[in-house]
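Student: Take this structure first; my questions come after.
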Amino acid sequence: MTSTDATRLSDDWCEHHFDHLSPELAADLHPTMARMRELCPVAHSDSYDGFWVVSRYDDALAVAQNWQAFSSAHGLSVTSGGGSVRNLPVEADPPVQRLYKSLINPHFTPAVVAEWEQPTRELVTRLIDEFIEAGTCDFMDAFARPFPSLGFFQLAINAPADEMEAVAKLASTSSNPTAPNARESWAGLYAWVRDFLAARREQPPKGDVVDAVIAAEIEGRPIGEDEAIGVVQLLILGGLETTAGALGQMLVRFCREPEIPALLRERPSLIPKAVEELLRLDTSFVSVGRTAVQDAVVGGCPISSGDKVLIHWASANRDAAEFPDPDRFDLDRTRNRHFAFGAGPHRCAGSNLARLNIRIALEEILTRLGDIALVDEDSIRYHAGLTRTPLHLPISFTPGARLG
Numbered sequence: 001m002t003s004t005d006a007t008r009l010s011d012d013w014c015e016h017h018f019d020h021l022s023p024e025l026a027a028d029l030h031p032t033m034a035r036m037r038e039l040c041p042v043a044h045s046d047s048y049d050g051f052w053v054v055s056r057y058d059d060a061l062a063v064a065q066n067w068q069a070f071s072s073a074h075g076l077s078v079t080s081g082g083g084s085v086r087n088l089p090v091e092a093d094p095p096v097q098r099l100y101k102s103l104i105n106p107h108f109t110p111a112v113v114a115e116w117e118q119p120t121r122e123l124v125t126r127l128i129d130e131f132i133e134a135g136t137c138d139f140m141d142a143f144a145r146p147f148p149s150l151g152f153f154q155l156a157i158n159a160p161a162d163e164m165e166a167v168a169k170l171a172s173t174s175s176n177p178t179a180p181n182a183r184e185s186w187a188g189l190y191a192w193v194r195d196f197l198a199a200r201r202e203q204p205p206k207g208d209v210v211d212a213v214i215a216a217e218i219e220g221r222p223i224g225e226d227e228a229i230g231v232v233q234l235l236i237l238g239g240l241e242t243t244a245g246a247l248g249q250m251l252v253r254f255c256r257e258p259e260i261p262a263l264l265r266e267r268p269s270l271i272p273k274a275v276e277e278l279l280r281l282d283t284s285f286v287s288v289g290r291t292a293v294q295d296a297v298v299g300g301c302p303i304s305s306g307d308k309v310l311i312h313w314a315s316a317n318r319d320a321a322e323f324p325d326p327d328r329f330d331l332d333r334t335r336n337r338h339f340a341f342g343a344g345p346h347r348c349a350g351s352n353l354a355r356l357n358i359r360i361a362l363e364e365i366l367t368r369l370g371d372i373a374l375v376d377e378d379s380i381r382y383h384a385g386l387t388r389t390p391l392h393l394p395i396s397f398t399p400g401a402r403l404g
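For what it's worth, UniProt numbering labels the leading residue of the sequence shown as 1, then goes sequentially.
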């Protein structure tokens, strides 16, 4: 920590005033959460009318799996704001949550996603072609954000490619609660999804997840408009910014620890395993909220019905009790049950697609971009919120290189 951050993020702050939207926390996330795990693994903050913060692995898993006591349907966020419709299925509890999720799951199985490998690789190649000769780029703008957006629009929901950039920007801003236009972005995203679904209802079926949502029945009745919007809205939010954040953080780590890309270039068969370890270390899905609907005890702390609880996935992923030497990139871990995609009934339905995207992106980046370096180490900033993404990431590399 810098001296300024050390003053700001004191032990008292960690124990009593924790604020997951704090820019100081965003700047120094992992050392601060390590202190939380040691000092106050289940802390109560007076921010946002009060909420609990769960930072250790076992406690995070216990809360995530106990949906009967810790509800998503009774308020997912520990802050105000957000969209005008529920993001489904994550803002519903079983058993109805399973009905919404059953609309999504068949369209993101390993077998379905495997069919997208070649077009995904072609997209990655095209994006890299656009900046490789320059020898420098803002990685977030040139690759990390447009790649998952274009792939998702083209392969998953068959949306107009010329609308992707605007929708991706809405999704990115909506994911950042501290952005001054976050509320307007939520409204814009809602309007786009509403109009997109209306247009798709007038078109021949394409056999994708959008058709499944439009035609769905929930508990014997046709799905409502806002329910359908909530499902597709969540797909966009979950599929774009989190993958962009993961890719951005991985590039930062490659620049700071060049022995990692060197190893993976020498032994590309290790890339799938490396993806899992990188997802654990640099989780982009940082945290999620629940509301207690029963009295419960977590980590020895009594939590009352009605209390808000923040599960901190990124902190749990660096808990030494589960991951020895947790801050080290280690491909020899005997198990890696990380929470990059959450846990419990709300575990991310798009994890297979995310893994495919990240693996292919790393394969091509490691093959084509040599001598990757940060242009300005001090310029890297992360937005504060439930996800973690570099705002900008200027990098340099050998122009037009092809390695191996």
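Each residue gets a CB set at the ideal place from its N, CA and C atoms; glycine is no exception.
Are the Cβ atoms of LEU103 and ALA198 separated by less than 8 Å?
Tutor: No, Cβ-Cβ distance for LEU103 and ALA198 is not below 8 Å.
Student: What separation, rounded to the nearest whole angstrom, lies between the Cα atoms of GLY245 and ARG280?
Tutor: About 13 Å.
Student: Suppose only complete runs of 4+ residues qualify. What are the alpha helix (DSSP H) ranges in the segment 179–248, listed by chain order?
Tutor: As far as the segment 179–248 is concerned, its whole alpha helix (DSSP H) runs of at least 4 residues are 182–201, 209–214 and 225–239.
Student: For a test of the three-state rule: what should DSSP assign to ALA159, helix, strand or coil?
Tutor: Looking at ALA159 - three-state DSSP - the assignment turns out to be coil, as it is neither helix nor strand.
Student: If you compare alpha carbons, which of ARG337, GLU202, ARG56 and GLY289 is closest to HIS30?
Tutor: The shortest C-alpha separation from HIS30 is found at ARG56.
Student: When the distance is taken between beta carbons, is GLY230 closer than 8 Å to PRO399?
Tutor: Going by C-beta atoms, PRO399 is not nearer than 8 Å to GLY230.
Student: So, are the CB atoms of PRO390 and MET140 less than 8 Å apart?
Tutor: Yes.
Student: May I ask which residues mark the beginning and end of the beta strand (DSSP E) holding HIS30?
Tutor: Not the beta strand (DSSP E): HIS30 falls in the alpha helix (DSSP H), residues 29–39.
Student: Closest to ARG253 by CA distance: which of THR242, VAL275, LEU61 and TRP13 is it?
Tutor: If we check each option's Cα against that of ARG253, VAL275 comes out closest.
Student: Could you give the distance in angstroms between the alpha-carbon of ALA114 and the alpha-carbon of GLU277?
Tutor: The alpha-carbon atoms of ALA114 and GLU277 are separated by roughly 21 Å.
Student: Can you say whether GLU24 is buried or exposed, counting buried as having 16 or more other CB atoms within 10 angstroms of its CB?
Tutor: Label assigned to GLU24: buried.
Student: Can you check DSSP and say which residues form a bridge with PRO268?
Tutor: Partner(s): none; PRO268 has no beta bridge.
Student: Roughly how many whole angstroms lie between the Cα atoms of LEU393 and ILE132?
Tutor: Taking the straight line from one Cα to the other gives about 15 Å.
Student: Could you tell me the alpha carbon to alpha carbon distance between CYS14 and LEU155, rounded to whole angstroms?
Tutor: Taking the straight line joining both Cα atoms gives about 43 Å.
Student: Give me the residue from SER305, MET164, ARG359 and LEU251 with the minimum Cα distance to GLU377.
Tutor: Of the candidates SER305, MET164, ARG359 and LEU251, the one whose C-alpha sits nearest the C-alpha of GLU377 is LEU251.
Student: Starting from PRO110, trace the alpha helix (DSSP H) in both directions and tell me its first and last residue.
Tutor: Note, PRO110: alpha helix (DSSP H), 110–114.
Student: Give every residue of the same chain whose Cβ lies closer than 8 Å to the Cβ of ALA228, excluding the five residues on either side of it in the sequence, and list them in chain order.
Tutor: So the list reads LEU197, VAL213, ILE214 and ALA216, once near-sequence residues are dropped.
Student: From the DSSP output, in three-state form, read off ALA316 for me.
Tutor: Here ALA316 sits in helix by DSSP.
Student: Quick one: measure Cβ to Cβ for ALA292 and ASP307, integer angstroms, because I've assumed they're closer than 8 Å.
Tutor: Confirmed, Cβ separation roughly 5 Å.
Student: May I ask you to list the residues that DSSP assigns as paired with CYS301?
Tutor: Answer is VAL298, bridged to CYS301.
Student: Among the residues of its own chain, which have a CB less than 6 Å from the CB of ASP121, if the five just before and after it don't count?
Tutor: According to the sequence displayed, residue 121 carries Arg and not Asp. So the list reads ILE360, once near-sequence residues are dropped.
Student: The alpha helix (DSSP H) with ARG389 in it runs from where to where?
Tutor: It should be pointed out that residue 389 corresponds to Thr in this sequence rather than to Arg. It is not in any alpha helix (DSSP H) - THR389 carries neither H nor E in the DSSP assignment.
Student: Measure the alpha-carbon distance for residue 408 versus GLU130 and round it to whole angstroms.
Tutor: Examination of residue 408 is not possible in this model, given that the chain is present from 1 through 404 alone.
Student: Please report the straight-line C-alpha distance between GLY151 and LEU123, rounded to a whole angstrom.
Tutor: Looking at the two C-alpha atoms, the distance is approximately 7 Å.
Student: According to DSSP, LYS308 sits in a beta bridge with which residue or residues?
Tutor: DSSP output for LYS308 lists THR291 as bridge partner(s).
Student: How close, in whole Å, do the beta carbons of ALA296 and ILE303 come, if the pair is a contact with beta carbons under 8 Å?
Tutor: Correct: roughly 5 Å between the Cβ atoms.
Student: Per DSSP, LEU374 is paired with what?
Tutor: Paired residues: ILE395.
Student: Rounded to a whole number of angstroms, what is the C-alpha to C-alpha distance between PRO177 and ASP93?
Tutor: Answer to the nearest angstrom: the Cα atoms are 24 Å apart.
Student: Grab the span of the alpha helix (DSSP H) containing THR367 for me, first residue to last.
Tutor: 351–368 is the span of the alpha helix (DSSP H), which, as asked, contains THR367.
Student: Identify whether THR334 lies in helix, strand or coil by the three-state DSSP scheme.
Tutor: Note: THR334 maps to coil in three-state DSSP.
Student: Roughly how far, in whole angstroms, is the beta-carbon of THR243 from the beta-carbon of ALA354, given that I think they are within contact range, below 8 Å?
Tutor: Contact holds; Cβ gap of about 5 Å.
Student: CB SER45 to CB PHE18, shorter than 8 Å?
Tutor: Against a cut-off of 8 Å, the Cβ pair of PHE18 and SER45 comes out as a contact.
Student: Considering only C-alpha positions, which residue in the set VAL298, GLU225 and LEU362 is nearest to ILE260?
Tutor: For the residues VAL298, GLU225 and LEU362, the minimum Cα distance to ILE260 belongs to LEU362.
Student: If I measure Cβ to Cβ from GLN233 and keep anything under 8 Å in the same chain, skipping five residues before and after, which residues do I get?
Tutor: Cβ within range, chain order: GLY83, VAL85, ASN87, LEU189, TYR190 and VAL193.
Student: Who pairs with VAL138 in a beta bridge, going by DSSP?
Tutor: Here residue 138 is Asp; the residue named in the question, Val, does not match the sequence. PRO394, per the DSSP bridge assignment.
Student: Using C-beta distances below 7 Å, list every residue in its chain close to THR7, excluding the 5 sequence neighbours before and after it, in chain order.
Tutor: With a pLDDT of 42 at THR7, under the threshold of 50, the modelled position of this residue cannot be trusted; read the value that follows with caution. Contacts found: none.
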